[in-house]
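Engineer: Attaching a single structure in C-alpha cells format; questions to follow.
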Amino acid sequence: MADNWPYSLKEAENIGKICSVSATNDYSKQFKKDVATPSRQNSYDSRFIIDGSIRDAEFFGISSIENLIAAARQQATVIGIRIYYGLAYEKINPETGLTEISTQPIEGGDPEMRPRLFLVAVDEKGSDIMIGLGGNGDDPNGNGLGGGSPQPPYGQN
C-alpha cells in the first residue's frame, strides 16, 4: 500500500468528509436496493442477507477504537484508520449481541462466511501499523480491530 501512497501528511490527515444525513441514507438505501435485487441473490451479495435482513453496517465501541489508536501510536505516528472489508465465520450471541469471529467455522455458528469490517491504524507513509495483540504495543504481531456488532441484527435498520 505504501508504494502507491500519493498523499502528504497534511493531505492524508484530512481525507474523508462529513456527509449529510440524507446522503448517508441515500448511499445505504442504494446498497440495500442493490443487494436485494433478485438477480443478485445467487451472487456474493447474498452473503449480506442474514435471516432476511441486509447487513449494512458494523458498530465498534469508542473505547476499542481509542485502544487501537493508542497501541498503534506506540509503534508509529497514526494519521488515520483504514477499514478493510473481510469475510469471517461468525457466531452471534443473541442475548448480548456480541460476536465471535474466526477464519475457521465455529461450532454453533453461521456455516457461511459473512462480510465483516476490520479497522487498522495507518502511518504517515500509508502503511498499516503493526501492534501488539495484547494492546501494549510491544511484540507487534497484530494490527487491527475486528469483531464489531453487525447491524442488523443490532442497531439501526
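Per the numbering used here: the sequence shown = residues -15 to 141. No residue lacks a Cβ here, since even glycine has one placed at the ideal position from N, Cα and C. Since this is a predicted model, take the numbers as computed values, not measurements.
1. Tell me which residues share the same chain as R66 and place their Cβ nearer than 7 Å to its Cβ, disregarding the 5 neighbours each side in the sequence.
2. Please confirm whether P134 and R31 have their CB atoms less than 9 Å apart.
3. I'd like to know whether the C-beta atoms of Y73 and G93 end up nearer to each other than 9 Å.
4. Grouping DSSP H, G and I as helix and E and B as strand, with all else coil, what is S27?
5. Exposed or buried, which one is L129 when buried takes at least 16 other CB atoms within 10 Å?
6. Note down the Cα distance separating I115 from I49, rounded to an integer number of angstroms.
7. Taking only runs that begin and end inside the stretch -5 to 76, name each unbroken alpha helix (DSSP H) of 4 or more residues, in chain order.
8. On the three-state DSSP scale, how would you describe L103?
9. What are the residues that DSSP puts in a beta bridge with L129?
10. For P95, which residues from the same chain have a beta carbon less than 6 Å from its beta carbon, with the 5 sequence-adjacent residues on both sides left out?
11. Please report how far the alpha carbon of L52 lies from the alpha carbon of N(-2), in whole angstroms.
12. Looking only at its chain, what residues have a beta carbon closer than 6 Å to the beta carbon of F102, apart from the 5 residues adjacent to it on each side?
13. Roughly how many whole angstroms lie between the Cα atoms of N(-12) and Q58?
Structural biologist: Answer, in terms of the structure:
1. Within the sequence shown, residue 66 is the residue found at index 82, counting from 1. Correct list, in chain order: V104, V106 and D112.
2. Your numbering for residue 134 matches position 150 in the sequence shown. Your numbering for residue 31 matches position 47 in the sequence shown. Result no, Cβ atoms of P134 and R31 do not sit closer than 9 Å.
3. Taking the sequence shown and counting its residues from 1, the one referred to as residue 73 is at position 89. Taking the sequence shown and counting its residues from 1, the one referred to as residue 93 is at position 109. With respect to G93, Y73 sits close: the two C-beta atoms are nearer than 9 Å.
4. For the purposes of this step, residue 27 is identified with residue 43 of the sequence shown, where counting begins at 1. Secondary structure of S27 (DSSP, three-state): coil.
5. As a working note, residue 129 is residue 145 in the sequence shown. Buried is the call here.
6. As a position in the sequence shown, residue 115 is number 131, starting the count at 1. As a position in the sequence shown, residue 49 is number 65, starting the count at 1. Cα to Cα, the separation comes out at about 13 Å.
7. You should have 5 to 20 and 46 to 57.
8. As a position in the sequence shown, residue 103 is number 119, starting the count at 1. Looking at L103 - three-state DSSP - the assignment turns out to be strand.
9. Walking along the sequence shown from the start, residue 129 turns up at place 145. L103.
10. Numbered from 1 along the sequence shown, position 111 holds the residue referred to as residue 95. Closer than 6 Å at the Cβ level, and outside the excluded window around P95, lies no residue.
11. Working through the sequence shown from its first residue, we reach residue 52 at position 68. Working through the sequence shown from its first residue, we reach residue -2 at position 14. In a straight line, the C-alpha of L52 is about 20 Å away from that of N(-2).
12. By 1-based counting over the sequence shown, the position of residue 102 is 118. Cβ contact annotation for F102 (same chain, cutoff 6 Å, sequence separation greater than five): Y68, G70, G128 and G130, in chain order.
13. Within the sequence shown, numbered from 1, the residue matching residue -12 stands at position 4. Within the sequence shown, numbered from 1, the residue matching residue 58 stands at position 74. Computed Cα separation, rounded: 25 Å.
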